[in-house]
Amino acid sequence: MSQTDRPIELRAHLMRLPLTVPYRLVFGDLRHFDVILVGVRDADGACGWGEATILPGYTDETVEQGWALTREAVSTVRTTAGARAFGRVAKTQTPFTATAFLTAVDWLDRRPALRRAGRVELLGTVNGKVDDLAALEAEIESLLAHGYRTLKIKVGWDVARDLRQVAAVRSIAAGRARLRIDANQGYSIGQAVEFLTRLDPTDVELVEQPCAAGDWDAAVAAKRASGAPMMLDESIYGLEDIDRAASLGCADYVKLKLMKLGDLDTLEAGLRMIADRGMKAVLGNGVASDLGCWMEACCALGGVRSAGEMNGFLKTPARVLRPALVVEGADIVVTGDAPEIDETVLQSHTVAAAGAWRSDAPAGRSSAPQWSVEATS
Numbered sequence: 001m002s003q004t005d006r007p008i009e010l011r012a013h014l015m016r017l018p019l020t021v022p023y024r025l026v027f028g029d030l031r032h033f034d035v036i037l038v039g040v041r042d043a044d045g046a047c048g049w050g051e052a053t054i055l056p057g058y059t060d061e062t063v064e065q066g067w068a069l070t071r072e073a074v075s076t077v078r079t080t081a082g083a084r085a086f087g088r089v090a091k092t093q094t095p096f097t098a099t100a101f102l103t104a105v106d107w108l109d110r111r112p113a114l115r116r117a118g119r120v121e122l123l124g125t126v127n128g129k130v131d132d133l134a135a136l137e138a139e140i141e142s143l144l145a146h147g148y149r150t151l152k153i154k155v156g157w158d159v160a161r162d163l164r165q166v167a168a169v170r171s172i173a174a175g176r177a178r179l180r181i182d183a184n185q186g187y188s189i190g191q192a193v194e195f196l197t198r199l200d201p202t203d204v205e206l207v208e209q210p211c212a213a214g215d216w217d218a219a220v221a222a223k224r225a226s227g228a229p230m231m232l233d234e235s236i237y238g239l240e241d242i243d244r245a246a247s248l249g250c251a252d253y254v255k256l257k258l259m260k261l262g263d264l265d266t267l268e269a270g271l272r273m274i275a276d277r278g279m280k281a282v283l284g285n286g287v288a289s290d291l292g293c294w295m296e297a298c299c300a301l302g303g304v305r306s307a308g309e310m311n312g313f314l315k316t317p318a319r320v321l322r323p324a325l326v327v328e329g330a331d332i333v334v335t336g337d338a339p340e341i342d343e344t345v346l347q348s349h350t351v352a353a354a355g356a357w358r359s360d361a362p363a364g365r366s367s368a369p370q371w372s373v374e375a376t377s
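Numbering-wise, the sequence shown is residues 1 to 377 according to full-length UniProt numbering.
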């Protein structure tokens, strides 16, 4: 065992976090998050946690597959090096599940990114529909009043209806917010080209992933047809995909999510690659608990300038971190202090568990590592 390798205990929880309101996506309405939390603890009693929130339809992974793999790893992994080795192998086929293990060790290792302090601007998600203009207007005015200056609009169903939705949001916002339009792979090439050629680009920050993740020809065609900047999301799983987007010239923006890249160092390397290749980065996962969102917010403080999408935790009343993430207006306020897992929330929302920590851990040792804070302007 190397100096940097050390023995650990592992435990895992499969949680179901209810959403305050259904989250409407092209592949179905989401009413809860299925969250896998992996906890590691060393011989001194210090702990780290990582998250995998698997969204079928967005990824090929399934919750059942991820939980089965998690249970297997919890029963066999015994060291930090073993956890990282498992994560590296699992990342090739099941990156979300791998991320739970890799980031748990990142937390335990007190990675520098998690020590940052500062504010991260979030976008606001528009749930209302053009069919009820009064409700849509009330929602948008509320978002603007809370300080949101970037609004996310979901499209990808019907081109004509989607264009009316965008026009209605634009009219209500009246220049007070940028519009980030997300099709979630909902269009065929023909539909994407029609939508993009008919779209008024006024106030549009970008259009995100109109076509299937693996259809790079469609991404090129969409970029050629669009008068607005284009962003890839589902197409990006590894650093090599960033290079491919740059070489094809099919993206102005690239969105990254921690749960697809595995660990904090790889995520930060990806953010640097995007800038080095002349594109802009968007960071964040709208389908994650406050644990994953906190880690992404810490990484965003490394230099991401666009509004963050790490707002999944705002969609559910359950908070797994203690103290809870602070939100002021449209900003996450990251203190740089090490949080803990709220065991009461963990237990009340757990539907399955694997592994256990011995009860004879060193007395009085907080589960949260103590670290110095790195302020970020």
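All residues carry an ideal CB built from backbone N, CA and C; glycine is no exception.
All figures in this text were calculated on a predicted structure; none of them were measured in a lab.
{"Asked": "Could you round the C-beta distance between L19 and L30 to whole angstroms and report it? I think they count as a contact, below 8 Å.", "Found": "7 Å"}
{"Asked": "Do you know whose CA, among A275, L108, W357, L25, lies nearest G50's CA?", "Found": "L108"}
{"Asked": "When DSSP labels each residue in this structure, what does R16 get in the three-state scheme?", "Found": "strand"}
{"Asked": "Does the separation of the CB atoms of L196 and V204 fall below 8 Å?", "Found": "no"}
{"Asked": "Could you please give me the residues that DSSP links to Y148 through a beta bridge?", "Found": "Paired residues: none, contrary to the question."}
{"Asked": "Kindly indicate which three-state DSSP category V345 falls into: helix, strand or coil?", "Found": "helix"}
{"Asked": "Are the CB atoms of G284 and T53 nearer to each other than 8 Å?", "Found": "no"}
{"Asked": "Would you list the residues sitting across from Y237 in a DSSP beta bridge?", "Found": "According to DSSP, which records beta bridges pairwise, Y237 is partnered with nothing at all."}
{"Asked": "Where does P95 land, buried or exposed, given buried means 16+ other C-beta within 10 angstroms?", "Found": "buried"}
{"Asked": "Identify the residues that DSSP records as bridge partners of P317: which are they?", "Found": "Looking at the DSSP assignment, P317 forms no beta bridge with any residue, so it has no partner."}
{"Asked": "Look at the alpha carbon of G190 and the alpha carbon of G39, and state the distance between them as a whole number of angstroms.", "Found": "46 Å"}
{"Asked": "Using only CA atoms, which one of V105, R84, S235 lies nearest to A218?", "Found": "S235"}
{"Asked": "Over the uninterrupted beta strand (DSSP E) stretch that includes M231, give me the two end residues.", "Found": "230-232"}
{"Asked": "According to DSSP, is L25 part of a helix, a strand, or is it coil?", "Found": "strand"}
{"Asked": "Is the beta carbon of L325 less than 8 Å from the beta carbon of I341?", "Found": "no"}
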